[in-house]
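Visitor: In our numbering, the protein residues as written are 14 to 405.
C-beta atoms are modelled at their ideal positions from N, C-alpha and C, and glycine is treated no differently.
Here the structure is a predicted model, which means the values were calculated and not measured.
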Ligand SMILES: Cc1ncc(COP(=O)(O)O)c(C=O)c1O
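As structure tokens, this is what we get:
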């Protein structure tokens, strides 16, 4: 397997984790599209049973394309080990099931990804795992929430849709010495912009669906950290079964080849769009951690290399007016994801929270006029012109 810690980020993105000369001599890692791996003879079966060989056995337990993608991601994150899943949610739920047991208590921040919160509040409780939700960035509340049976703390940074930033150093200061595991969903940051493991975070999780794959064409999730923590999660995956399929693993590898290039462009586009929208007379507020007006700008500047390409803004519009604005866009597609080459725009109130009563949604901070723009790699000028013509 190719890889060297000393390589630059782009060299790792292109080469790390892959086999230099695979058995076909193909420059690309093959898509090993199979559900099972056959035995040549009885000797091979005996060796596997005796633990004398390491080989692939059955697709749910892992496959070569997955392994290459995992190795590449581990190099990019600077992690000892990585395990891939069929989606970000599969990575999150399997990790929590693997690390928790009945009687445990966890702490999670209130603006974590909606489905993660739902899993903690509605599903884990059925297994007698208690969950305390604390306000994002309220470090005192986090400290006060600790109980003798607190097993882990789960958070995100930046968060969706307000791009709040967790102070990782402070976080580690609160939980590390108490022996509480820290899991951080770093989807919005990516290993290009932020390396939580270097701060002492125990496990990093990404929805690889987003920036890592980068082309809005697959679902995947990844868990990264020390082998002693990742290995039990990998074992649990073999039971829960949310394995990434070979084709998606290949597309992820392919997407990662240009990760360094894409992130440079996305960081730049995010900054240009945020700065320009902040000056727009029809936009009342812009949330982007790279802007000095963002409440966590200083923390973001200290712990992030760039600020990504998600820009959230407020219009003094009601829901219908926002939808009319979206319908006038000609380049930016309307859709609920981020991190891909195509710009996507979403109106959280009607697209992600359509099933939540208005009062409840407003209490969660999801206002009628709130818009989340995931800027792509198009020319920033064209994205801005598209918004301008739609804001009539
Ligand atoms: C921060 C974050 N974490 C996790 C997920 C879940 O990832 P997936 O959609 O790949 O299951 C998402 C999805 O939007 C997300 O935004």
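Here's the rule: buried if 16 or more other CB atoms are within 10 angstroms of the residue's CB, otherwise exposed. What is residue 162?
Guide: Reading the chain shown from its first residue, position 149 is the one you call residue 162. Result: exposed.
Visitor: Spatial neighbours of residue 273 within its chain, please: CB distance less than 6 Å, with the 5 preceding and 5 following residues excluded, ordered by chain position.
Guide: Here residue 273 refers to the residue found at position 260 of the chain shown. The residues are 22, 23, 26.
Visitor: Nearest-angstrom Cα distance between residue 105 and residue 263?
Guide: Counting from 1 along the chain shown, the entry for residue 105 is found at position 92. Counting from 1 along the chain shown, the entry for residue 263 is found at position 250. One C-alpha to the other measures close to 22 Å.
Visitor: Taking the continuous beta strand (DSSP E) assigned at residue 386, which residues delimit it?
Guide: Here the question's residue 386 lines up with position 373 in the chain shown. 383-387 is the extent of the beta strand (DSSP E) around residue 386.
Visitor: What's the gap between the Cα of residue 66 and the Cα of residue 89?
Guide: For the purposes of this step, residue 66 is taken as the residue at position 53 of the chain shown. For the purposes of this step, residue 89 is taken as the residue at position 76 of the chain shown. Cα to Cα, the separation comes out at about 28 Å.
Visitor: Comparing the CB of residue 102 with every heavy atom of ligand 1, is any distance shorter than 7 Å?
Guide: Within the chain shown, residue 102 is the residue found at index 89, counting from 1. The answer is yes for residue 102.
Visitor: I need the straight-line Cα distance from residue 346 to residue 358, nearest angstrom please.
Guide: Against the chain shown, residue 346 aligns to sequence position 333. Against the chain shown, residue 358 aligns to sequence position 345. C-alpha separation (whole angstroms): 6 Å.
Visitor: Which two residues bound the contiguous alpha helix (DSSP H) that contains residue 332?
Guide: Working through the chain shown from its first residue, we reach residue 332 at position 319. Segment 332-340, the alpha helix (DSSP H) holding residue 332.
Visitor: Taking the alpha helix (DSSP H) that residue 284 falls in, what are its first and last residues?
Guide: Locating residue 284 in the chain shown gives position 271, counting from the first residue. Run containing residue 284: 272-291, per the alpha helix (DSSP H) assignment.
Visitor: For residue 146 and residue 57, what's the separation of their Cα atoms in angstroms?
Guide: Taking the first residue of the chain shown as position 1, residue 146 is located at position 133. Taking the first residue of the chain shown as position 1, residue 57 is located at position 44. Each residue's Cα considered, the two are about 51 Å apart.
Visitor: Could you tell me the alpha carbon to alpha carbon distance between residue 155 and residue 392, rounded to whole angstroms?
Guide: In the chain shown, counting from the first residue as 1, residue 155 sits at position 142. In the chain shown, counting from the first residue as 1, residue 392 sits at position 379. Computed Cα separation, rounded: 42 Å.
Visitor: So residue 174 packs on residue 361, CB below 8 Å; how close in whole Å?
Guide: Taking the chain shown and counting its residues from 1, one reaches residue 174 at position 161. Taking the chain shown and counting its residues from 1, one reaches residue 361 at position 348. About 6 Å; that satisfies the 8 Å criterion.
Visitor: Does DSSP put residue 136 in a helix, a strand or coil?
Guide: Taking the first residue of the chain shown as position 1, residue 136 is located at position 123. Residue 136 falls in the helix class under three-state DSSP.
Visitor: Can you check whether the CB of residue 93 is closer than 8 Å to the CB of residue 240?
Guide: Here residue 240 corresponds to residue number 227 of the chain shown, with the count starting at 1. Here residue 93 corresponds to residue number 80 of the chain shown, with the count starting at 1. With a cutoff of 8 Å on beta-carbon distance, residue 240 and residue 93 are scored as near each other.
Visitor: What are the boundary residues of the beta strand (DSSP E) that residue 147 is part of?
Guide: Within the chain shown, the letter at position 134 stands for residue 147. Taken as a continuous stretch (DSSP letters only), the beta strand (DSSP E) holding residue 147 covers 143-147.
Visitor: Give me the Cα-Cα distance between residue 51 and residue 75, rounded to the nearest whole angstrom.
Guide: Taking the first residue of the chain shown as 1, we reach residue 51 at position 38. Taking the first residue of the chain shown as 1, we reach residue 75 at position 62. The straight-line gap from Cα to Cα measures roughly 14 Å.
Visitor: At the level of alpha carbons, what is the spacing between residue 45 and residue 78?
Guide: Looking up residue 45 in the chain shown gives position 32. Looking up residue 78 in the chain shown gives position 65. Using only the alpha carbons, I get a separation of about 6 Å.
Visitor: With DSSP run on the structure shown, which of helix, strand or coil describes residue 121?
Guide: Within the chain shown, residue 121 is the residue found at index 108, counting from 1. Strand.
Visitor: Starting from residue 186 and walking both ways along the alpha helix (DSSP H), at which residues does that stretch end?
Guide: Locating residue 186 in the chain shown gives position 173, counting from the first residue. First-last of the alpha helix (DSSP H) with residue 186: 181-188.
Visitor: Terminal residues of the continuous beta strand (DSSP E) containing residue 98?
Guide: Residue numbering aside, residue 98 sits at position 85 when the chain shown is read from its first letter. Where residue 98 is concerned, the enclosing beta strand (DSSP E) stretches over 94-98.
Visitor: Can you name, in chain order, every residue of its own chain whose Cβ lies under 7 Å from the Cβ of residue 204, other than the five neighbours on each side?
Guide: By one-based count along the chain shown, residue 204 stands at place 191. So the list reads 89, 90, once near-sequence residues are dropped.
Visitor: Roughly how many angstroms lie between the CA atoms of residue 216 and residue 404, to the nearest whole one?
Guide: Numbered from its first residue, the chain shown carries residue 216 at position 203. Numbered from its first residue, the chain shown carries residue 404 at position 391. Taking the straight line joining both Cα atoms gives about 42 Å.
Visitor: Can you tell me the Cα-Cα spacing of residue 383 and residue 327, whole angstroms?
Guide: For this step, residue 383 is matched to residue 370 along the chain shown. For this step, residue 327 is matched to residue 314 along the chain shown. Roughly 5 Å separates the two Cα atoms.
Visitor: Could you check whether residue 167 and residue 125 sit closer than 8 Å to each other, using their CB atoms as the reference points?
Guide: Walking along the chain shown from the start, residue 125 turns up at place 112. Walking along the chain shown from the start, residue 167 turns up at place 154. Yes, they are a contact pair.
Visitor: Hey, quick one: how far does the alpha helix (DSSP H) through residue 107 stretch, first residue to last?
Guide: Taking the chain shown and counting its residues from 1, the one referred to as residue 107 is at position 94. That run of the alpha helix (DSSP H) goes 101-112.
Visitor: Within 10 Å of its beta-carbon, does residue 248 have 16 or more other beta-carbons around it, so buried, or fewer, so exposed?
Guide: Walking along the chain shown from the start, residue 248 turns up at place 235. Residue 248 comes out exposed.
Visitor: With distances taken from CA atoms, which of 14, 160, 400, 20 is nearest residue 34?
Guide: For this step, residue 34 is matched to residue 21 along the chain shown. Closest by alpha carbon: 14.
Visitor: Can you give the Cα-Cα distance for residue 186 and residue 318, rounded to whole angstroms?
Guide: Taking the first residue of the chain shown as position 1, residue 186 is located at position 173. Taking the first residue of the chain shown as position 1, residue 318 is located at position 305. If you take the alpha carbons of residue 186 and residue 318, they lie about 22 Å apart.
Visitor: Determine the DSSP secondary structure at residue 38, reduced to helix, strand or coil.
Guide: What you label residue 38 is simply residue 25 of the chain shown in a count that begins at 1. The answer is coil: DSSP assigns residue 38 none of H, G, I, E or B.
Visitor: Quick check: does the Cβ of residue 126 come within less than 7 Å of any heavy atom belonging to ligand 1?
Guide: To locate residue 126, count along the chain shown from 1; it is residue 113. For ligand 1, at least one heavy atom lies less than 7 Å from the Cβ of residue 126.
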